[in-house]
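All remarks here apply to the structure that follows.
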Amino acid sequence: MLLIIFLLELTVVILFFVYTDKGHILHFSYFQAEQRPHCQRSKAHWSALDFACCSVPSKDDGSSPHSIIYLKKETEELDRSNTIFCTYSRGFLDMIDKYAQRDLKKGLHLYGTDGNIGLTNAWSIIQTDFRCCGVSNYTDWFEVYNTTRVPDSCCLEFSENCGLHSPGTWWKAPCYETVKVWLQENLLAVGIFGLCTAMVQILGLTFAMTMYCQVVKADTYCA
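Below you can see the structure in the form of structure tokens.
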């Protein structure tokens, strides 16, 4: 169990460094996009998971014809490579989102069932604190209850059985996107927390193994 928790935390730390590096790339991409007339995408269209897809254009700096031709050729090659890279990276991230949402929707069917108190409490806390409902929207719960109903934690104003009221009294924001945006905005804090927790557990396991070895040695000598 501890090993599984450690691996999950290690994954969080790795994602932290990956997205941090990606953030530097994006910052550079924003700057470059502002300097490029041919790059029509505005900053508003860049998300935290996008990469730059515009290459550096050749500049009219008085270079020789050979240099201009070389720059043009280099720019065309960069355009092709960046387009391919961005297409694959975007497709890979979309695939991750798709499978994550699918698994989360399957997990909704365990909400409120025996032996799944942790999952039930987690969804209740998320929907209450993040003011959201369901994975993609509140209709995800209709498949769980087989009727027009949501958990009470989806209600704008909590009250008993408020999930049976009209949709106008429920949160409309999707929890998946809401939590993902929050994680992106607080990536540094999440990464530091995961790294510190992982280090504490590594030290704990090390001390436990040391104590175990000392006990084994003591029993061997006493025998």
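Heads up, the sequence shown is in my numbering, so the first residue is 792 and it goes up one at a time.
All C-beta atoms, glycine included, are put in the ideal place defined by N, C-alpha and C.
Have a look at the DSSP bridge pairing and note the partners of residue i.
{"i": "tryptophan 961", "result": "Cys946"}
For residue i, I'd like the list of residues in its chain whose CB is within less than 8 Å of its CB, leaving aside the five on either flank, ordered along the chain.
{"i": "leucine 910", "result": "Gly898, Leu901, Tyr902"}
{"i": "aspartate 951", "result": "Note on residue identity: the sequence assigns glutamate, not aspartate, to residue 951. These residues qualify, in order along the chain: Asp943."}
{"i": "glycine 906", "result": "none"}
{"i": "threonine 960", "result": "Cys946, Leu947, Glu948, Cys953"}
Would you kindly report the start and end of the unbroken alpha helix (DSSP H) that includes residue i?
{"i": "cysteine 966", "result": "966-976"}
{"i": "leucine 955", "result": "Careful: leucine 955 lies outside any alpha helix (DSSP H) and carries neither H nor E."}
{"i": "tyrosine 933", "result": "The displayed chain sequence assigns phenylalanine, not tyrosine, to residue 933. Counting along the chain, the alpha helix (DSSP H) containing phenylalanine 933 begins and ends at 931-936."}
{"i": "serine 915", "result": "908-920"}
List the whole-angstrom C-beta distance separating residue i from residue j, where the pair is believed to meet the contact cut-off of C-beta under 8 Å.
{"i": "leucine 974", "j": "tryptophan 962", "result": "No, leucine 974 and tryptophan 962 are not in contact; Cβ-Cβ is about 19 Å, not under 8 Å."}
For residue i, which residues from the same chain have a beta carbon less than 7 Å from its beta carbon, with the 5 sequence-adjacent residues on both sides left out?
{"i": "arginine 922", "result": "Trp962, Ala964"}
{"i": "proline 958", "result": "Tyr929"}
{"i": "valine 970", "result": "Ile917, Phe921"}
{"i": "threonine 939", "result": "Phe933"}
Measure the Cβ-Cβ separation of residue i and residue j and say whether it is below 7 Å.
{"i": "lysine 896", "j": "valine 941", "result": "no"}
{"i": "cysteine 966", "j": "isoleucine 917", "result": "yes"}
Within its chain, find whatever has a CB closer than 6 Å to the CB of residue i; leave out the 5 residues flanking it on each side and keep chain order.
{"i": "aspartate 851", "result": "In this prediction, aspartate 851 scores a pLDDT of 46, lower than 50, which makes its location untrustworthy; the coordinate-derived value is nonetheless stated afterwards. Same-chain partners within the cutoff: there are none."}
{"i": "valine 935", "result": "Leu899, His900"}
{"i": "glutamate 865", "result": "Model confidence at glutamate 865 stands at a pLDDT of 49, short of 50, so the residue's coordinates are unreliable and nothing is read from them."}
For a test of your reading of the model: does the CB of residue i fall under 6 Å from any non-hydrogen atom of the ligand FAD? Yes or no.
{"i": "aspartate 888", "result": "What this structure holds is no ligand at all, so the ligand FAD is not there to describe."}
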